[in-house]
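Going by my numbering, 121 is the number at position 96 of the sequence shown; the sequence numbering is gapless. Report on the structure given below.
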Amino acid sequence: MTRRYLQLALPSPLRQTFDYILPAKMDPPPPVGARVRVPFGKQSLLGIVLAVNEQASFDEAKLRPADEAIDSEPVLPDSLFRLLRWAADYYQHPVGEVFDTALPVLLRQGEPLAAPGETRWQATRLGQLYPLDGTIKRAPKQAAALVTLREHPQGMIPPLLSGLGIDRPTLLALEKKGLAECVTQSPPASEQASASLREPPLSLSNEQQTAVSAVIDHLGHFQPFLLFGTTGSGKTEVYLQAIAATLARGEQALVLVPEIGLTPQTVARFRARFQTEIAVLHSGRNERERMDAWRAARSGRAGIVIGTRSAVFTPLARPGLLIVDEEHDLSFKQHEGFRYHARDLAVRRAQLEGVPIVLGSATPALESLANATSGRYELLRLKERAAGAQEPVFKLIDLRHQPTREGFTDSLLKAMAATLKKNEQVLVFLNRRGYAPVLLCHDCGWHAQCRRCDARPTLHRNPVRLHCHHCGAEGPPPRACPSCGSTDLRPIGLGTERVEDLLRAQFPDVPLFRVDRDSTRRKDALANLTTAIHDSKAAILVGTQMLAKGHHFPRVTLVALLDMDGGLFGADFRASEHTAQLILQVAGRAGRAERPGLVLLQTHQPEHPLIHELITQGYPAFAERALAERRLLSFPPHGFLVLIRAEATQAELPAAFLQAIMDAAESLGRPEVQRWGPVPAPMERRAGRFRAHLLLQCPQRAPLRELVTALVPLIESLPGARKVRWSVDVDPQDLS
Ligand code: ADP
Ligand code: ZN
Ligand code: ZN
């Protein structure tokens, strides 16, 4: 008999696949996409079968046989399998780690595909006919088990079998002889996703109706849509009604939301509308919950799957519709390891599944807008706010020459007082948690510095400490200046805790809720805060961007942005885009119900073109200007980037390594790809490591891809590759 070989993806940082000998006992061989246990050095690992080959691609003499097949069916549907292989290639990431990212931890540890209740043992055809008076008589337990199985042609679930004293080894022995088999049952008809609604849908505005119809018309085919709708314009209602049509076809919908968008409020809104089971996947769930949700999606039992970034890899039995809400959100990009962009992968997945995808946002990414302009995506516009609510009005407060108290101008405090007096709520936005970003010696100018980063640690009040937000280092602040001994150490600048102090003193009788990463650390803290906010009348909300997204606080009529100027001068080419998005998202919290909203933006730059254009003409005008700039510079979407990062504890190593990469790239040609660097990273030292960058840029994607594909094996073989940490970031979202 000729030998055959399993080509496997193994969880290893090596950018290669692995071959194992297919042992005779694995007959039939495991299908492509199934898990197999194999020896790896001294360990035992689980791999995914990529192919069963007649020939080995490595030296045969060194190959070992695989140990055990875990599955008799592929773990993932073919479309997802192909998506992952494509993604490994596109993002230049080891295929084994890609599969590892995509699968729930319990599955990676060998948990069976089907939940215990979903598997049944039954006699095979051979088992039905097998003579009971033959050799099997010598194994009385097996014979008895076989008799029982024959009496139950629909199969028996494991708890029932063990109740009858039939143990697993006996069943496995029968399986080995081909007399019994363990099958996964598909959910019975009554458990299949239900299409009926719990509450009636809202009656749609004309704009909403057009959008819903467009999506429904394309069910069953690939078509990307960009749903560009102002905050509060009813995008969610469009999703809900498109999903209802999907369920009615017997298909499932997958909804991706940003990390801080997946609030209990969001899920509650879906649960209120639909009867069907809703599988929820996010980092706050434990592995058992994730596994259950994954199975509910894969089996088709859950009609709707809602999740954050990695939920893009959730298998669906009957995919019908993909949705990416707040598609511009940065949390869709994974920032370490396998650096995929979930929105981009979702579009690719929709194409492989042959289903429509809706990307929704009030402030779409410039990439997505460009795709809509070029016709690759169909643009759906919602210009009006739903249910008669009005767009908020913007006003600038010029900070120049104005006295401020802890960052607040008099006019802002007056506007706040007037709003509170009407029993309405004020949202004060500041994207900096903690008490103050700088601790300064008033006598000599010394300031606190993180020992491990080129950064200043933030002063926190509760408990009092200096905390570096870049490396996590924490410690008590010094009592006296380490440089001159003075005790006149002053907090400089504003954080949310300091704003809270000031406003509590200023408005002692008004409830104040601070919403940031510190105040919501405990489980359920955010849910409790939002409930309290909903239950209050006059109230002040102080918060970071956690408050900016997805929330619907009907009583908020005044939004104050204390200080957005920092974002205008960010080093990153996307800084202005992100600032514009943030301003509009925060502003969008104002006046979402009957009462109109006002947005006050304090700035030292009232004439800055970005601010000016954004608030007088809106996001499309801003985007047009920003896109024109990007075109001039060949930046995305008018060009493509790959960022190679290197870091090491020794200062000179990263740049030297990147220089070696530059030299290696020389021989590969591709002069149309520009190479920038090596340069130190914007924050050169972080968590004790020195960091450097090399940026590759090209107006076309193909030459850049070809260069990087050829370059990565060369990088791996460089002598320095083991001494530095390096990574390749395809389509980087930030250049820091
Ligand atoms: P978005 O997702 O665009 O920010 P939402 O879907 O949250 O907007 O809608 C904002 C508010 O308007 C919600 O309270 C929602 O219930 C309401 N709403 C949306 N569509 C309609 C409609 N067609 N009729 C009445 N109210 C609507
Ligand atoms: Zn000093
Ligand atoms: Zn630090």
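We treat Cβ as the ideally placed atom computed from N, Cα and C, and that holds for glycine.
Per the DSSP secondary-structure output, Glu499 pairs in a beta bridge with His492. Taking all protein chains shown into account, Lys574 has 16 or more neighbouring C-beta atoms within 10 Å of its C-beta and is therefore buried. The bridge partners DSSP lists for Cys466 are Leu514. Around the CB of Arg580, 16 or more other CB atoms lie within 10 Å, so the residue is classed as buried. With 16 or more other CB atoms across the displayed protein chains lying within 10 angstroms of its CB, Arg481 is buried. Judged by the Cβ position, Arg714 fails to qualify as a neighbour of ligand 3 at the 7 Å threshold, every heavy atom of the ligand being at least this far.
Taking a C-beta distance under 8 Å as the contact criterion, Arg150 and Ser258 do not qualify as a contact pair. Under the three-state reduction of DSSP output, Gln300 falls in the coil class, being neither helix nor strand.
About 7 Å separates the Cβ atoms of Ser761 and Ala706, confirming a contact at the 8 Å cut-off. Ligand 3 approaches Ala498 closely enough that one of its heavy atoms is under 7 Å from the residue's Cβ. Distance from the C-beta of His485 to the nearest heavy atom of ligand 3 is not below 7 Å. In this structure, Phe295 sits away from Leu626, with a CB-CB distance that is not shorter than 8 Å. At least one heavy atom of ligand 3 is found less than 7 Å from the C-beta of His495. For Ala706, the Cβ stays outside the 7 Å cut-off from all heavy atoms of ligand 3. What you get when you keep residues with a C-beta closer than 6 Å to any heavy atom of ligand 2 is Cys466, Asp468, Cys469, Trp471, Cys506, Ser508, Cys509 and Ser511. At least one heavy atom of ligand 3 is found less than 7 Å from the C-beta of Arg477.
According to DSSP, residue pairing for Thr429 in a beta bridge involves Thr434. In this structure, Thr333 sits near Glu284, with a CB-CB distance shorter than 8 Å. Between Ala293 and Ala304, the beta carbon gap of about 15 Å keeps them out of contact (Cβ cut-off 8 Å). With contacts defined as CB atoms closer than 8 Å, Asp597 and His629 fail to qualify as a contacting pair. Membership of Tyr45 in the beta strand (DSSP E) is indicated by the continuous run Phe43 to Ile46. Exposed is the label assigned to Phe594, since fewer than 16 other Cβ atoms lie within 10 Å of its Cβ.
For Ala600, the enclosing alpha helix (DSSP H) has its first and last residue at Ala600 to Ala612.
Restricting attention to Cys475, Pro516 and Pro507, the CA atom closest to the CA of Gly497 is found in Cys475.
Remark: three or more beta-carbon pairs, one from each stretch, lie closer than 8 Å, so the stretch 712-725 and the stretch 675-687 are flagged as touching. Trp146 is bridged by DSSP to Met181 and Cys207. Put simply, the stretch 86-101 does not touch the stretch 724-737. Fewer than three CB pairs are less than 8 Å apart. Ser752 sits in a strand when the DSSP states are folded into three classes. Not one heavy atom of ligand 3 is found less than 7 Å from the C-beta of Ala113.
Within the same chain, Leu281, Val337, Leu347, Val349 and Ile382 come within 7 Å of Ala371 by CB-CB distance, once the 5 residues on both sides are set aside. For Ile636, the enclosing alpha helix (DSSP H) stretches over residues Pro634 to Gln642.
If the five residues before and after Leu287 are omitted, its C-beta is found closer than 6 Å to the C-beta atoms of His307 and Thr333, all from its own chain and listed in chain order. Judged by DSSP in its simplified three-state form, Asn78 adopts strand.
Distances taken from the Cβ of Ala412 to the heavy atoms of ligand 1 include one shorter than 7 Å. In the assembly as shown, Glu431 is an exposed residue. Its beta-carbon has fewer than 16 other beta-carbons within 10 Å.
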